[in-house]
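Below is one structure, written out as structure tokens, with a few remarks after it.
Protein chains: 2
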Amino acid sequence: MMEQELSPVDRRTRIIETSTELFLEKGFAGTSMSAIAKACGITKASLYHHFDGKDALFIACVTHGYTAALDAIEGVAGDAELTPKQKLSDAVKILYDITVESNVGRMSPLIAEVSRTFPNVARSFHSEYIEPERALLWKIVEEGIASGDFKPVDQNQFAHLTFGPMVMLSLAREMFATFEDLDEHFPVDELRDGHIGVLLQMLGSASD
Amino acid sequence: MMEQELSPVDRRTRIIETSTELFLEKGFAGTSMSAIAKACGITKASLYHHFDGKDALFIACVTHGYTAALDAIEGVAGDAELTPKQKLSDAVKILYDITVESNVGRMSPLIAEVSRTFPNVARSFHSEYIEPERALLWKIVEEGIASGDFKPVDQNQFAHLTFGPMVMLSLAREMFATFEDLDEHFPVDELRDGHIGVLLQMLGSASD
DNA sequence: GTCTATATCCTGATAGAC
DNA sequence: GTCTATCAGGATATAGAC
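Protein sequence lines correspond, in order, to chains U and A.
Using this note's numbering, you'd call the opening residue of the first sequence number 274 and step up by one each time.
Using this note's numbering, you'd call the opening residue of the second sequence number 274 and step up by one each time.
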């Protein structure tokens with residue numbers, strides 16, 4: 274099968290995905306437009322045809338994938354077939370996937386890097402991604418409290434203890450990405466499942 | 274009082290502290306040697322007299338402060354006057370201080386940024402800082418388990434749930450450093466105290 | 001130890017042909 | 001939309017006087 278011609282939007286998406294990889298590897302300032310162009314197989318001038326500049330490209334990278342990630346959690350939160358306990362368990366599993374594995378989730382150190390230079394990037398990351406994510410999770414907990422499945426907890430405290438471990442795991446796996454024994458030091462599935470157990474215990478819904 | 278002459282080692286320390294601030298603000302690649310020299314009130318050439326290059330300076334910044342941070346926790350872990358519960362509570366408080374407020378703790382996004390370029394920096398951060406920190410905390414928990422004050426828990430799981438929230442808090446406060454309502458979104462003391470409560474609950478030592 | 005001056009390379013970004 | 005060629009500025013790093 275021969276190489277398919279790409280539509281403009283697909284080509285833009287390809288550039289975004291390629292440059293996101295590079296940003297994640299070398300940081301924002303450490304990734305040059307030349308390097309991105311080369312990785313995309315085009316010249317710098319062509320790259321500048323698609324994006325107004327490095328800042329605009331970076332912002333596109335950060336924004337890309339917000340909705341897909343949020344939709345995944347929304348799918349669980351809105352599933353009428355599931356009990357609150359199942360919803361929470363499934364939602365946290367998806368959040369681990371998003372935070373630890375996906376590009377959106379792995380972006381946090383990059384946001385920190387540019388937070389002073391592009392405060393608006395941090396703002397949008399917070400309002401368009403972090404806040405909706407927290408709200409979706411909290412919706413599940415609130416429902417469980419209302420139905421009597423969960424006992425009342427403080428919202429900020431619960432978010433702190435839910436997102437904290439998975440964010441650290443994501444950060445640690447970026448920091449120590451070159452370790453050959455990364456999975457031994459930071460095993461995602463094992464830590465995630467134990468974490469879910471503790472959260473259900475907190476909500477007074479520990480054992481079956 | 275007139276400006277005191279600085280010893281060579283103090284001058285080096287001053288450069289390290291000044292450049293650490295800049296690295297934290299703009300990242301590694303985003304901070305130039307010119308900017309560092311200017312902030313230190315010397316020229317680039319003088320800066321290169323003290324450090325072999327940007328890499329060496331950065332590594333000095335990361336390494337600087339390991340011991341001071343670890344000594345603080347060791348002081349609590351070794352205090353014979355305290356009960357295991359008090360030790361744990363005090364240690365976590367100190368860990369919050371270190372992780373959220375101190376330069377060493379705030380370095381994580383920087384390590385992530387350079388993790389592929391300088392894998393040895395990540396290695397040393399892990400072996401000289403992260404691992405000793407985990408070991409000191411675990412020593413407290415083990416003692417509590419041995420004395421019957423705490424019930425047995427899994428080491429990795431406990432570390433995941435202890436360090437996770439504080440690391441995320443540190444990262445979030447870096448990411449959203451420009452927010453005027455930062456303390457409202459991420460209040461350190463409140464989240465920390467609630468977190469300690471949950472940890473003690475996990476260890477079966479919840480209420481007095 | 002600090003300076004001025006400079007070397008060398010790479011950066012983000014653009015002009016204009018095809 | 002992609003290319004070659006080019007710009008002005010900034011990057012790391014060094015040479016050599018004081």
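Positions of the beta carbon are idealized from the N, C-alpha and C atoms, including for glycine.
- Per DSSP, the unbroken alpha helix (DSSP H) holding A310 (chain A) starts and ends at 306–313.
- With respect to E406 (chain U), I469 (chain U) sits apart: the two C-beta atoms are not nearer than 9 angstroms.
- DSSP places T372 (chain A) within a helical segment (H, G or I) once states are collapsed to three.
- If you look at D328 (chain A), you'll find it in the alpha helix (DSSP H) that goes 327–336.
- Rounded to whole angstroms, the Cβ separation of A395 (chain U) and F459 (chain A) is 13 angstroms, and the two are not in contact under 8 angstroms.
- At a cut-off of 9 angstroms between beta carbons, Q428 (chain U) makes no contact with chain A.
- One alpha carbon belongs to I332 (chain U), the other to A419 (chain A), and they sit about 52 angstroms apart.
- In this structure, the straight-line span from the alpha carbon of S388 (chain U) to that of T451 (chain A) is close to 7 angstroms.
- No Cβ of chain A is located within less than 9 angstroms of the beta carbon of I469 (chain U).
- Neighbours of M441 (chain A) in chain U, taken as residues whose beta carbon is under 7 angstroms from its own, are F436, G437, V440, M441 in chain order.
- The beta carbon of E406 (chain U) sits no closer than 9 angstroms to any beta carbon of chain A.
- Here S319 (chain A) is exposed. Its C-beta has fewer than 16 other C-beta atoms within 10 Å.
- Residue environment: V471 (chain A) is assigned as buried (16 or more neighbouring CB atoms within 10 Å of its CB, all protein chains considered).
- For V471 (chain A), the enclosing alpha helix (DSSP H) covers residues 461–475.
- The beta-carbon distance between V335 (chain A) and M380 (chain A), rounded to whole angstroms, is 6 angstroms. This is short enough to meet the 8 angstroms contact definition.
- If one requires a minimum length of 4 residues, the alpha helix (DSSP H) runs lying completely within the segment 345–412 of chain A are 357–369, 376–379, 381–387, 392–398, in chain order.
- Contact of M475 (chain U) with chain A by beta-carbon distance below 7 angstroms involves V471.
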